[in-house]
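For reference, the structure discussed in these notes is given below.
There are 2 protein chains.
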Amino acid sequence: MPIRLSRASTDFDTQFRQFLAAKRETSADVEAAARAIVDDVAKRGDAALLEATRKFDRLELTASSLRVTPAEIEAAVKVCDAATVDALKFARDRIEAFHLRQLPQDQRFTDEAGVELGWRWSAIESAGLYVPGGTAAYPSSVLMNAIPAKVAGVGRLVMVVPSPDGRLNPLVLAAAHLGGVSEIYRVGGAQAVAALAHGTATIAPVAKIVGPGNAYVAAAKRLVFGKVGIDMIAGPSEVLVIADDSGNADWIAADLLAQAEHDASAQSILITDSRRLADDVARAVEGQLKTLPRAGIAGASWADFGAIIEVDRLDQAVPLADAIAAEHLEIMTADPDAFAARVRNAGAIFLGAHTPEAIGDYVGGSNHVLPTARSARFSSGLGVLDFMKRTSLLKCGPDQLRALGPAAMTLGRAEGLEAHSRSVGIRLNLP
Amino acid sequence: MPIRLSRASTDFDTQFRQFLAAKRETSADVEAAARAIVDDVAKRGDAALLEATRKFDRLELTASSLRVTPAEIEAAVKVCDAATVDALKFARDRIEAFHLRQLPQDQRFTDEAGVELGWRWSAIESAGLYVPGGTAAYPSSVLMNAIPAKVAGVGRLVMVVPSPDGRLNPLVLAAAHLGGVSEIYRVGGAQAVAALAHGTATIAPVAKIVGPGNAYVAAAKRLVFGKVGIDMIAGPSEVLVIADDSGNADWIAADLLAQAEHDASAQSILITDSRRLADDVARAVEGQLKTLPRAGIAGASWADFGAIIEVDRLDQAVPLADAIAAEHLEIMTADPDAFAARVRNAGAIFLGAHTPEAIGDYVGGSNHVLPTARSARFSSGLGVLDFMKRTSLLKCGPDQLRALGPAAMTLGRAEGLEAHSRSVGIRLNLP
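Chains G and X, in that order, give the protein sequences.
Heads up: the first sequence begins at 159 in the numbering used here, then just goes up one per residue.
Heads up: the second sequence begins at 159 in the numbering used here, then just goes up one per residue.
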């Protein structure tokens, strides 16, 4: 049974704090194992990569068969259901249109002192996209990671995807094709992350690695961070639904289960000021679970991590939502926009009863790679800026250097950095 | 002696690659030690923090003396040289003016299907600012870290700074005061990072930690990444000067030494198409070193990691500059703006002979926290966006759900996520 909390109960604060602190992932300490793999690939390149692939994916490859060929990609696209490929194209176009609006503006201006200042954005040269194999191989995620990179102007976009026992999901290859991926290698795990970061004879290194993966992948990304850029370390996913008495219990239950079916450590939460709705949703979840193919996973997630929190007034839901900092926040109240304006921490907000989160997962256009596990307190969903970097620009002439220089010299000396001061003084004939 | 390379030599490519690959930091593996400290503070809070401070800073504190008092800050400001405080204020105002221009715009739009989309930026609630103690305690860095946070709208800005043997740099406290820091604690090292990330009875946790530190601090930041946000892991600093025959050898030498005096692992590089200038700069560096207070550090940096690279035409400097991806790039050529437009990878670009990098360190207004050690290939200097996060917004009505829903249902089923499909179908009366 999911937890039921009531804001009115005297020990609510303690209960809520415990609820927030509960760990949803048994984070097996795989750091040492990941480090050994990363170091080996850094040192021995392809040989280590092929060895690890033989061991973990039970797949015998050579350097020349690492890369998925154009013919294989073409064949994969042909094998896919046409309606599904059309849906992927529909999604692709909407995701592209949304992300085109994220392209940043450069700035250049001259201040009162005549100093020219500004900055300039440019795309990173190359990016690596990690795609999990097996059940979590989602073609939609390929689009969500690849399209912002292409929109940013990344020239070389390299995908790695494990193919355990040689199996590759044709839809993943089709999505890579639609998303503009330039190279695909059939490798995964920490070894694939290491190959992307350090490069091998076959796989040229990239500047940044994005995409979700298992604990080994996450540990490897943490290890290579600095050598290359990485996106967030993805944790278990969650949805928070905030609804008033007008909420449709069946729809809300369906949304809670859509989140829960991802993973047994996913989390679905309802906050409502309506006891009637709370009870109805609890019942509806149990009812809908009965016919769900992934009832095992969804049921475990709901039982272990699900929660229904009753509040006296919806006002009280605002600080709770900020503390939860949900990856996905659905608001089904009389005026969802006004309510959304009061919440600070959320990865994405879905407004009104006709915006189930699944729309955002696939075809809304916004990105479904969002900060999980409370990280919406400090980070954002994936976007075009993640594939660009900003270079600042500064230009003084002699007059500007005269105006600014003395203060710089004072600070240089105060910090014990005499050569800093002299580099200014030598241009101004100042001691 | 610094390395001298010539683009014209037959093995230039190999030499340049080796030059790029050379490690400038002996990264002592302090991960295990940092992990033990972080875990201890996470578990035992203040008690562990006080114990580590006693051990590493030789300082006996209690929970109530951890925080620097308003009276101490006031006293510190009074003790500082007035001209230096004025220079800090001048810097503060210029940095603030520059960063105010970085505040991002929200977006909200309705597409052809009638779907409302957009995003909204909000400040993170709290940030921690790590400031090193000892010789690397730079008041200018306090301003560079604090001001973007305040401009972003961060409400609670917490500074930690170690005070070995009880010593605190009054200028650091003055800069914190000018920069709007809300709380200051006299702790440092991995224990301070852990306290900021996990919180203790005395120090409430923050959402993100920024600021440079030693190897233990860097390791601790890597460990708490995910629990909280972090900025980049700072590596050794570098400058690349690109100059043609018009370059002033004495000015360039002064700039190379300003970089070199930071740290024995700092790096100063000149690329020029003028052998005359190359020789003159090499001589000028040796001459200026003789009277430099930090000649030991600067000389070691220049001898071990300095480089002068000759090219036949300045054109050839562009790919070299992109491969080096310097933290600081100074361009002293006939048309520096045109040259800068061709370089993709640099943290900050200083245009023309009258813009020594030291201006950017202190009073230019742009941020001096910049990507080091080739990370300008994939990351940006510190800015206002580092203290904000983006929440995406999506809103469908019944018509929009009818238009987008079927494609979402197709993709949900193709990914084996039936509950995703049903959460859409239940609203559309679709099976």
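Here a beta-carbon is modelled for each residue, glycine too, at the ideal position from N, C-alpha and C.
* residue 357 of chain X versus residue 364 of chain X: straight-line alpha-carbon distance, rounded -> 8 Å
* Residues that residue 533 of chain G contacts on chain X, provided the C-beta gap is smaller than 8 Å -> 384 and 387
* To do: Determine, using beta carbons only, whether residue 347 of chain G comes closer than 9 Å to chain X.
  => no
* For residue 547 of chain X, which residues does DSSP report across the bridge? -> X/280
* Among all the DSSP beta bridges, which residues are the ones paired with residue 267 of chain G? -> G/275
* Using a Cβ-Cβ cut-off of less than 9 Å, give me the residues of the region 517-541 of chain X that come near chain G, in sequence order. => 517, 518, 519, 520, 521, 522, 523, 524, 525, 528, 529, 531, 532, 533, 534, 535, 536, 537, 538, 539 and 541
* Can you tell me where the alpha helix (DSSP H) with residue 576 of chain G in it begins and where it stops? -> 576-586
* Who are the neighbours of residue 578 of chain X on chain G, taking C-beta pairs under 7 Å? -> 416, 516 and 519
* **Cβ-Cβ separation, residue 506 of chain X to residue 518 of chain X (assumed contact under 8 Å), whole Å** => 6 Å
* Asked: alpha helix (DSSP H) containing residue 567 of chain G: first to last residue?
  -> 556-572
* **When G/359, G/557, G/305 and G/464 are compared against residue 543 of chain G, the one with the closest alpha-carbon** => G/305
* Asked: Whole-angstrom Cβ separation of residue 331 of chain X and residue 226 of chain X, contact assumed at under 8 Å?
  -> 7 Å
* To do: With a 10 Å radius around its C-beta and 16 neighbouring C-beta atoms as the bar for buried, classify residue 451 of chain X as buried or exposed.
  => exposed
* To do: Give the interface partners of residue 452 of chain X over in chain G, defined as CB-CB distance under 8 Å, in chain order.
  => 574, 575, 576 and 577
* Let me know the secondary structure DSSP gives residue 415 of chain G once reduced to three states. => helix
* Relative to the alpha-carbon of residue 394 of chain G, which residue among G/494, G/343, G/492 and G/530 has its alpha-carbon at the smallest distance? -> G/530
* At least three beta-carbon pairs within less than 8 Å, the region 496-511 of chain G to the region 445-465 of chain G -> no
* Of the listed residues X/551, X/559, X/555 and X/533, nearest to residue 601 of chain G (C-alpha basis) -> Residue coverage of chain G in this structure runs from 159 to 589, which leaves residue 601 of chain G outside it and unanswerable.
* Asked: How should residue 175 of chain G be labelled, buried or exposed, when 16 other C-beta atoms within 10 angstroms of its C-beta is the threshold for buried?
  -> exposed
* Same chain, Cβ closer than 6 Å to residue 428 of chain X, five either side skipped, listed in chain order -> 399, 439 and 466
* Could you name the residues that DSSP lists as bridge partners for residue 488 of chain X? => X/399 and X/508
* Asked: Which residue's Cα is closest to the Cα of residue 520 of chain G: X/536, X/382, X/559 and X/490?
  -> X/559
* Asked: Do three or more CB pairs link the region 185-200 of chain G to the region 486-494 of chain G at distances below 8 Å?
  -> no
* For chain G, is any of its Cβ atoms less than 9 Å away from the one on residue 512 of chain X? -> yes
* Residue range of the alpha helix (DSSP H) that includes residue 230 of chain G -> 228-237
* **Segment contact, 8 Å Cβ cut-off, at least three pairs: the region 331-341 of chain X with the region 223-238 of chain X** => yes
* Look up residue 553 of chain X in the DSSP assignment and say whether it is helix, strand or coil. => strand
* Quick one: grab the DSSP three-state call for residue 365 of chain X. => coil
* **Whether residue 282 of chain G touches residue 366 of chain G by CB criterion (9 Å)** => yes
* Quick one: what does DSSP say residue 410 of chain G is sitting in, helix, strand or coil? -> helix
* the region 344-354 of chain G / the region 309-318 of chain G touching (three or more Cβ pairs under 8 Å) -> yes
* Which listed residue (G/219, G/515, G/578 and G/312) has its alpha carbon closest to that of residue 446 of chain X -> G/578
* Enclosing beta strand (DSSP E) for residue 465 of chain G [first to last residue] -> 465-468
* N-terminal and C-terminal residue of the beta strand (DSSP E) that residue 343 of chain G is part of -> 341-343
* Asked: Hey, residue 244 of chain X and residue 360 of chain X: beta-carbon distance below 9 Å or not?
  -> no
* **Residue from X/589, X/412, X/551 and X/372 whose Cα sits closest to the Cα of residue 187 of chain X** => X/372
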